[in-house]
Amino acid sequence: MTSLGPFETGDGTVLNVDGDEAGIPVVFQHGLCGDAKQTAEACPPLPGYRRITIEARGHGSSGAGDLSRLSIATFAEDVAAFIETRLTAPVVVGGISMGAAIALRLAVTRPDLVRALILARPAWIAAAAPHNMRPNAEVGHLLQTLPPEEAKAAFLASETGQRLAKEAPDNLASLTGFFSREPIAMTAALLTSISNDGPGVSEADIAAITVPTLVIGHDRDIIHPFSHAEALAQTIPGTRLVKITPKAEDRAHYVSDFHGALGQFLKEIEDHE
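Following the working numbering, the numbering of the sequence shown begins with 108 at its first residue and continues without gaps.
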């Protein structure tokens, strides 16, 4: 990864920007409590393109700013401001999980900035606080009420923890990692705030998206159910839906499939222009 330098938002919060130096920009955002390492793994070297990730407030090397402003809407506003000031719009915009929700909101609220859309492993459709995000909210609540090790033990012993261990071990691995993610208070704030948030768009808004769109999903994922990917693909006209190997089955194949889906989509965009 390469730091492209800091970006200061309108309220003075300094965000870290990571990515490649040259090529057509693909703004690709990470998931909740993730960072640019996640997007760097998912994005292959693409001739003629460059990945850019603006690490969201409270994530990676970015500042947190006012904790009351932690929301998908704020994160989307920050990305929009970066595109307006540092890039030539429109650009390809996408992301994983929370990053997909940010990208979806941008496609609806700032279509002038979005050339094409990539929604990978979406955890939201339109509604706020979806049922699939409850495990994240549970971890956030435990971190607010118990010391980290006690909170972790309580979660692993809970009905949710036991279910994830059987049905979605990759989800469980990610969630258990949050119990040691420093600073703990920031991790708890992010998990509770964002799990109860949403992209702030309607299904009618989503159906009105007209840019080329790729949706990526897979099975064995309770937090990012494939049914969400299917629903978005059915709602956005002309969407390409790609089902890839679950991380829980084979991480190497997951990454390879992800690379292939992104590469093919960007090639198709280029061929049509």
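Using N, Cα and C, we set each Cβ at its ideal position, and we do this for glycine too.
- About 6 Å separates the beta carbons of C140 and L297, which is inside the 8 Å limit, making them a contact pair.
- For T283, the three-state secondary structure derived from DSSP is helix.
- For the pair A261 and L249, the Cα-to-Cα distance works out to about 8 Å.
- For the pair P306 and A208, the CB atoms are nearer than the 8 Å cut-off.
- Apart from the 5 residues on each side of it in sequence, I316 sits with its Cβ closer than 6 Å to the Cβ of A214 and I343 in its chain, given in chain order.
- The C-beta distance from T320 to L220 rounds to 15 Å, too long to fall under 8 Å, and the pair is not in contact.
- The segment 329-345 makes contact with the segment 269-285, as at least three CB pairs between them are under 8 Å.
- By the Cβ-count criterion, V121 is exposed, with fewer than 16 other Cβ atoms from all chains shown falling within 10 Å of its own Cβ.
- Looking at the DSSP output, T160 sits in a beta bridge with D125.
- In the three-state reduction of the DSSP assignment, K350 falls in the strand class, which pools E and B.
- Pairing T181 with P151, the inter-Cα distance amounts to about 28 Å.
- For E148, the three-state secondary structure derived from DSSP is helix.
- Counted as a single uninterrupted DSSP element, the beta strand (DSSP E) harbouring G201 occupies residues V198 to I203.
- The DSSP assignment places 241-252, 255-264, 266-274 and 276-284 as complete runs of the alpha helix (DSSP H) inside the segment 241-300, in order along the chain (cut-off: 4 residues).
- Secondary structure of P229 (DSSP, three-state): coil.
- Between D127 and R164, the beta carbon gap of about 23 Å keeps them out of contact (Cβ cut-off 8 Å).
- Of the candidates I159, A280, I203 and P254, A280 places its Cα closest to the Cα of A355.
- Residue environment for H238: exposed (fewer than 16 other C-beta atoms within 10 angstroms of its C-beta).
- Non-local beta-carbon contacts of G370 in its own chain, meaning distances under 7 Å to residues more than five positions away in sequence, involve P151 and L153 in chain order.
- The continuous beta strand (DSSP E) containing G324 extends over residues T320 to G324.
- In the DSSP assignment, the residues bridged to G112 are V124.
- The C-beta of T299 has 16 or more other C-beta atoms within 10 Å across all chains shown, which makes the residue buried.
- Taking a 10 Å sphere around the C-beta of S169, we find 16 or more other C-beta atoms and assign the residue as buried.
- For A210, the three-state secondary structure derived from DSSP is helix.
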